[in-house]
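**Student:**
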Amino acid sequence: MEQERHLQANNRELSARFGYPNNTIKTSKYSIFNFLPMNLFEQFQRLANAYFLILLFLQLIPQISSLAWYTTVIPLMVVLSMTGVKDAIDDLKRHRSDNKVNNRPVLVLVNGKVEKDKWMNIQVGDIIKLENNHFVTADILLLSSSEPYSLAYIETAELDGETNLKVKQAISVTSEMEDNLELLSAFDGQVRCEAPNNKLDKFAGILTYKGKTYRLDHEKLLLRGCIVRNTDWCYGLVIYTGPDTKLMQNSGKSTFKRTHLDHLTNVLVLWICLFLGSMCFILAIGHGIWESKKGYYFQPFLPWEQYVSSSVVSTILIFWSYFVILNTVVPISLYVSVEMIRLGNSYYINWDRKMFYAPKNTPAQARTTTLNEELGQVKYVFSDKTGTLTQNIMIFKKCSINGNFYGMHALLLSLHPGGILLCRLFSENTEKVDFSYNKLADPKFSFYDKTLVEAVKKGDHWVHLFFLSLSLCHTVMSEERVEGELVYQAQSPDEGALVTAARNFGFVFHSRKSETIIVVEMGETKVYQLLAILDFNNVRKRMSVIVRTPEDRVLLLCKGADTIICQLLHRSCRSLRDVTMEHLDDFASEGLRTLMVAYRELDDTFFQSWSKRHSDAYLSLEDREDKLSHVYQEVEKDLKLLGATAIEDKLQDGVPETIITLSKAKIKVWVLTGDKQETAVNIAYSCNMLDNEMDGVFTVEGKDNETIQQELRSARHKMKPESLLETDPVNICFTMKPQKPIRIPEEVPNGSYGLIINGYSLAYALEGNLELELVRTACMCKAVICCRMTPLQKAQVVELVKRYKKVVTLAIGDGANDVGMIKAAHVGVGISGQEGMQAMLSSDYAFSQFHYLQHLLLVHGRWSYNRMCKFLSYFFYKNFAFTLVHFWYAFFSGFSAQTVYDYWFITFYNLVYTSLPVLGLSLFDQDVNETWSLHFPELYEPGQHNLYFNKKEFVKCLMHGIYSSLVLFFIPMGTVYDSVRNDGKEISDYQSFSLMVQTSLLWVVTIQIALETTYWTIISHFFIWGSLGFYFCILFFLCSDDLCLIFPNTFQFLGMARNTLNQPHVWLSVALSVVLCVLPVIGYQFLKPLLWPTSVDKVLKRIHDCMRSPLRPPARSKPKHTGFHRSAYAFSHQQGFGAFITSGKTLKSKSLFVFKNSYSFKN
């Protein structure tokens, strides 16, 4: 195992010597060479397939086989072939996706020239060139860039879900090479660094160049999956490639996912094999007894074969003979049908127009066909936030300036139990504000309150000062590649939204230098001297700038969280603060992200004194952060309040409604995000995961095991006090220290609760005994928000729930940081959003909008689960009824291993005669349509508890099959016993009896599936009744004179169909068998909803009542105040790069700003 990585720039030979992988990624499972053995190995992991392979070998032994070999070979080949073709198609799609990524173009330095190559050909030690808006090809060490001081700006959404602009800087010794190809080609620096790992924020290494060593850290590393922004070009040395990159190290392992019903079926197959063995043993013992007492009388007529020396030998052989005959009790065609059903239901997902996203022309994709019924059993949904719940678009919606409210007002009206109607009321016309008077306005910006524009045009002092503060107090970078078209690159999307708002209202941030900021104010260009930036951090929760105005005033402009700013306000602002706080509460009740804006005018003498203290603190080598914080506090006080802003972190369409619907379906949604806590909590409130009517929202933020344990237990004590007692069943089981992880039962809390936990605390909670505390506490909560998580932690949380809870999990995300949890969950869903394709490539299902999830689960998932359960129940029943007739017949045939049916009927029964009806049921049946499925999410609940097919239901199928087999054997037996035809000839022959039994059987199973069908179509009628008619056509063909005369050894039932089926008492026997088999089923289906109704039965009754008399339109209720939760302050997710700005490192030396006073504004 690699302990340390050694490499040299421009030296592929050294990299080859160490055996480092190339840059190819692989999400596919098979290749041309290993497909056949690997696929067969996976298929024979299914016990039924392995069972039939063993059976095939037994059938090749003539001493024990009474069935032809083709009765097993043909079905087995069909099963293996169909499954193999399906798996090949699935994997071919993954190959195509991999090829698309691996064949992306990249510029690589080769022999002093920059040449275009493919991503997959990049190797460790190569020097590559990246350009603006391009994905980073591999994990590279930044060498130089187009920006001054070799800075490079990157977006890391693929890695951590954050769209913030982050800054990387090359070391000085390499930055001097810039884009000089001669110097870059001659660069032979050696790097010694840590082995590949999954830690996104850590990297340690040493660069040795020209005899000197330079320390390397993660600030100099550009990771695969990032996007280069605001940087024309940069060069980098490849450190990690392909599977060694931190992106792929966090992607988790591909596992062969199998549904819970697959696992259950394997267990049931074992049960059936034991049941089969028991039957064979009983019949073999019966044969031994019969041979000992009566068999010797038949020796002159039916002598033993030479290899049979005694009744004991005969008994052993008969055991295996019956093992072959009764093999159909384990139905191999079950797996053919299962694959076809899954394939069909997958196509329904692909074809669903209601999951088609027209703006991007993107349909939903079922990227695997093996998990459809699992979609109907999901209990926990783990969702990413950025780009999954949100659109990752920040919009300036409202503001409060000097006590005046600007922006839309919203009124919530109750519509019906399933949703909320949002009515927007405007004081003015609902048309967008016209910003055409401002030549520098962003055309994409929208605002709907004209009074704010009028205040700006009238020259309202406070409005002007408010927007001036927004245009100056930030760390945004500006580009103007085309005159008049500004492009902002913000470290936080919130900052970008605020600066854009100021820009549209006439205060245009144009550009900056290290010591100046240029703003175009109402058409007039002004230069502000930047004196200091008091940068943001997670403790301060605010940022400030100190500027000198063109009028020589010194202003401190501050923005930050309202909880912080309120403490810094001058006492004269008390009344204005109260009004603004009311506005903030209104903003927060709508889920908007809020900031307070304030200012202070500084005395020049005071500022000069403060500036000296600030400089001393900045240059201090000891306790620098504490000293700076103290200096900041000296100046950030006695602030004058200007107002507040409200930004909408725009949710994807339908997210709140989807969360509510999933909650009604008893599906719990957890948000796992790399974002900061305040932002994630704010979104949770916006999308109705958390609300102020909850009994409590717990926050876990301890930094050691004891604190975290106390916080979790305190939360659990409030939710369910008895769960902490020693008498609690889970505690008793845990005290016994079981070898296997215990399964925690569903624990019901005494109210509605939420849980918030950050990544730091989670790291402790996922270790040792705390993980049990975490999972018990979290699973009792209605919603869980996990913040600041690494991709690995996301996967660990999913695995934790899988390990302790017997539930089906689903993970949904859109970025590469979500790949781990998507692979870890039972079902992985990728959203093809704005963060690349990595999540989608690793997913089982993919679509473009989060709200499609309710359609996927509540419609396709529920239908697939219901259909599969009906299919399994019916399939096991019909095979028990078919096979057990042999068991009863053995008692009347001297236990001779003679079959009841014709060989061709045995071969065709599952593959031809009964295959289409059950496929029709499994592909087209639906208890209610999709509208009712979404309107009554309660219908989804049975799948979560696997109520429709489990071991209990299987036993019912077995009992039903045993009863039907008794009827199917003894009714025809009684009919033919001592009976004659109309012409006086006997009918009690083997062939007539066989024909009666198989005809009765097909009628019974056909009527049975007709009773199971709830949604009739022309196809259903054709499949069910057509298959029965097809049986009679085949029957008359196989019993035809010509066929039997041509192949007398193969077709032996000459004329039997026409001679038997023309007898009235034969049809009477068939009718009696059908009535006796079906009558109990009809009675059970009629009485069960009346006497023992389930919750689903009650919902179905409501649906049927609604269909007879449609619901009246809901009456609007009075507006209800939903309570409020103050939103997160809108700041970047990490400490800002104010220090870079003031140091001058962001100044582009090649394009110094030259401006004209020519921007026109029309009043």
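Residue numbering for the sequence shown follows my numbering, starting at 277 and increasing by one per position.
Just so you know, even glycine gets a beta-carbon here, dropped at the ideal spot from N, CA and C.
Helix, strand or coil for S1296, going by three-state DSSP, please let me know.
**Tutor:** S1296 falls in the helix class under three-state DSSP.
**Student:** From this set, R370, H1341, L871 and V823, which residue's C-alpha is nearest E877's C-alpha?
**Tutor:** Of the listed residues, the one whose Cα sits closest to E877 is V823.
**Student:** Please classify E982: does DSSP put it in a helix, a strand, or coil?
**Tutor:** The answer is helix: DSSP assigns E982 an H, G or I state.
**Student:** Check each candidate in K734, V606, A1333 and I1295 and name the one with the smallest Cα separation from F1313.
**Tutor:** Among K734, V606, A1333 and I1295, the Cα nearest to that of F1313 belongs to A1333.
**Student:** Which runs of the alpha helix (DSSP H) at least 4 residues long sit entirely within the stretch 400-470? Give them in chain order.
**Tutor:** Within the stretch 400-470, the complete alpha helix (DSSP H) runs of at least 4 residues are 433-436, 448-451 and 457-462.
**Student:** Candidates F1147, I1088 and A1092: which alpha carbon is nearest D1120's?
**Tutor:** When each option's Cα is compared against that of D1120, the closest is I1088.
**Student:** From what residue to what residue does the beta strand (DSSP E) around I1088 run?
**Tutor:** Element bounds for I1088: V1084 to G1089.
**Student:** Please classify W946: does DSSP put it in a helix, a strand, or coil?
**Tutor:** Looking at W946 - three-state DSSP - the assignment turns out to be strand.
**Student:** Please classify E289 as buried or exposed, where buried requires at least 16 neighbouring CB atoms within 10 angstroms.
**Tutor:** Exposed is the call here.
**Student:** Determine the closest residue to A920 out of V907, F681, G1044 and H1131, with distance taken between C-alpha atoms.
**Tutor:** Residue F681 is the option with its Cα nearest to A920.
**Student:** Closest to I1020 by C-alpha separation, out of T1053, H993, L1210 and P997, would be which residue?
**Tutor:** Closest option to I1020, Cα to Cα, is T1053.
**Student:** Expressed to the nearest angstrom, what Euclidean distance is found between the alpha-carbon atoms of A1100 and L427?
**Tutor:** Taking the straight line from one Cα to the other gives about 37 Å.
**Student:** Quick check on I809: does DSSP put it in helix, strand or coil?
**Tutor:** Reduced to three states, the DSSP call for I809 is strand.
**Student:** Could you give the DSSP three-state label for T604: helix, strand or coil?
**Tutor:** DSSP places T604 in helix when its eight states are reduced to three.
**Student:** Under the DSSP definition of a beta bridge, which residues are partnered with V382?
**Tutor:** Its beta-bridge partners are D393.
**Student:** If you drop the 5 nearest sequence neighbours on each side, which residues of the same chain put their C-beta closer than 6 Å to that of V732?
**Tutor:** Answer for V732: V739, F781 and G782, listed in chain order.
**Student:** When DSSP labels each residue in this structure, what does K817 get in the three-state scheme?
**Tutor:** Note: K817 maps to coil in three-state DSSP.
**Student:** Using the Cα positions of V443 and N714, report the straight-line distance between them to the nearest angstrom.
**Tutor:** Cα to Cα, the separation comes out at about 32 Å.
**Student:** I'd like the list of long-range same chain contacts for K1154, defined as Cβ closer than 7 Å, with 5 residues on each side in sequence excluded.
**Tutor:** Cβ neighbours of K1154 beyond the five flanking positions: T1190 and V1281.
**Student:** Is it buried or exposed for E650, if we count other Cβ within 10 angstroms and need 16 for buried?
**Tutor:** Looking at its Cβ environment, which holds 16 or more other Cβ atoms inside 10 Å, E650 is buried.
**Student:** Identify every run of the beta strand (DSSP E) within the stretch 1011-1064, keeping only runs that are complete inside it and at least 3 residues long; order them along the chain.
**Tutor:** For the stretch 1011-1064, whole beta strand (DSSP E) runs of length 3 or above, ordered along the chain, are 1029-1034 and 1059-1063.
**Student:** Under the rule that 16 or more other beta-carbon atoms within 10 Å means buried, what is K376, buried or exposed?
**Tutor:** Its Cβ having fewer than 16 others within 10 Å, K376 is exposed.
**Student:** Mind the definition here: the stretch 1032-1052 touches the stretch 1074-1093 only if three or more C-beta pairs lie below 8 Å; say whether that holds.
**Tutor:** They touch, by the three-pair rule.
**Student:** In terms of DSSP beta bridges, what is L476 paired with?
**Tutor:** The partner list for L476 (beta bridge, DSSP) is empty, contrary to what the question assumes.
**Student:** By a C-beta neighbour count over all protein chains shown, 10 Å radius and 16 as the cutoff for buried, is R1138 buried or exposed?
**Tutor:** With 16 or more other Cβ atoms within 10 Å, it is buried.
**Student:** Quick check on the burial criterion: 16 or more other C-beta atoms within 10 angstroms. Buried or exposed for L698?
**Tutor:** Confidence in L698 is poor, its pLDDT being 39 and thus under 50, which makes the residue's placement unreliable; the coordinate value appears in the next sentence. It counts as exposed.
**Student:** For L559, name the three-state secondary structure that DSSP assigns.
**Tutor:** Note: L559 maps to helix in three-state DSSP.
**Student:** So what does DSSP say about Q667, is it helix, strand or coil?
**Tutor:** Three-state result, Q667: strand.
**Student:** Quick check on the DSSP output: the alpha helix (DSSP H) that includes R779 runs from which residue to which?
**Tutor:** P769 to N780 is the extent of the alpha helix (DSSP H) around R779.
**Student:** Within its chain, find whatever has a CB closer than 8 Å to the CB of A717; leave out the 5 residues flanking it on each side and keep chain order.
**Tutor:** Excluding residues within five positions, the ones whose Cβ falls inside 8 Å are F711, R779 and N780.
**Student:** Does the contact criterion of 3 or more C-beta pairs under 8 Å hold for the stretch 754-767 versus the stretch 720-730?
**Tutor:** Flag = no, the stretch 754-767 and the stretch 720-730 do not touch.
**Student:** Check each candidate in G652, I841, L368 and I565 and name the one with the smallest Cα separation from L1223.
**Tutor:** Of G652, I841, L368 and I565, the residue nearest in Cα terms is G652.
**Student:** Determine the extent of the alpha helix (DSSP H) in which V1103 is found, giving its start and end residues.
**Tutor:** No alpha helix (DSSP H) contains V1103, which is instead part of the beta strand (DSSP E) from V1103 to I1107.
**Student:** Can you look up N1186 in the DSSP assignment and give me helix, strand or coil?
**Tutor:** It is helical.
**Student:** Relative to the C-alpha of Y1179, which candidate in Q1267, R1384, F1212 and E1217 has its C-alpha closest?
**Tutor:** For Y1179, the nearest C-alpha among the options comes from Q1267.
**Student:** In this structure, does DSSP put M970 in helix, strand or coil?
**Tutor:** Note: M970 maps to coil in three-state DSSP.
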